[in-house]
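This report refers to the structure that appears directly beneath it.
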Amino acid sequence: MPTSTSDERIKNVKIDRDLITVGLMDGRIISVPLVWYPSLMNATPEQLMNWEIAGGGYGIHWPDLDEDLSTEGFLRGAPSPKKFNKTA
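Written out as structure tokens, the structure reads:
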């Protein structure tokens with residue numbers, strides 16, 4: 228029986244005007260709308276490009292913005308909770 232090995236660690240990140248696209252080590256590519264993450268949507272191009280792979284390869288950190296995103300959140304299709312918790 229064939230088994231598939233998933234490796235959700237981040238291999239590369241591309242950010243454009245509308246999307247964050249993350250390539251995973253296992254070959255999967257995930258694209259999510261930038262609008263899901265207000266702090267990124269409102270960032271300058273320089274702030275957006277200043278990211279680093281964090282969390283053992285499972286996350287992206289923007290030090291200038293104090294923003295962290297994970298492959299788990301991307302795979303769940305989860306927008307930033309900050310956007311939706313303003314009424315809580």
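Residue 228 is where the sequence shown starts when you use the working numbering, and the numbers rise one by one after that.
Don't be surprised by glycine CBs; every beta carbon is placed ideally from N, CA and C.
Grab me the residues of TYR264's own chain with a C-beta within less than 6 Å of its C-beta, minus the 5 sequence neighbours each way, in chain order.
Stepping through the sequence shown from its first residue, residue 264 is reached at position 37. Counting only Cβ-Cβ distances below 6 Å, and skipping sequence neighbours, we find SER307.
Can you tell me whether ILE256 is buried or exposed, with buried defined as 16 or more other CB within 10 angstroms of its CB?
As a working note, residue 256 is residue 29 in the sequence shown. Exposed, by the Cβ-count rule.
What does a CB cutoff of less than 8 Å around ASP244 pick up in its chain, not counting 5 residues either side in sequence?
Counting from 1 along the sequence shown, the entry for residue 244 is found at position 17. Residue identity check: residue 244 is Arg in the sequence provided, not Asp. Counting only Cβ-Cβ distances below 8 Å, and skipping sequence neighbours, we find LEU261.
According to DSSP, is ASN239 part of a helix, a strand, or is it coil?
Position 12 of the sequence shown holds residue 239. In the structure shown, ASN239 sits in a strand (DSSP, three-state: E or B).
Find the nearest neighbour of ASP253 within the set ASN277, ILE242, GLY284, GLY300, judged by alpha-carbon distance.
Here residue 253 corresponds to residue number 26 of the sequence shown, with the count starting at 1. Among ASN277, ILE242, GLY284, GLY300, the Cα nearest to that of ASP253 is on GLY284.
If you draw a straight line from the C-alpha of GLU273 to the C-alpha of LEU267, how long is it?
In the sequence shown, residue 273 corresponds to position 46, counting from 1. In the sequence shown, residue 267 corresponds to position 40, counting from 1. So the alpha carbons of these two residues sit roughly 11 Å apart.
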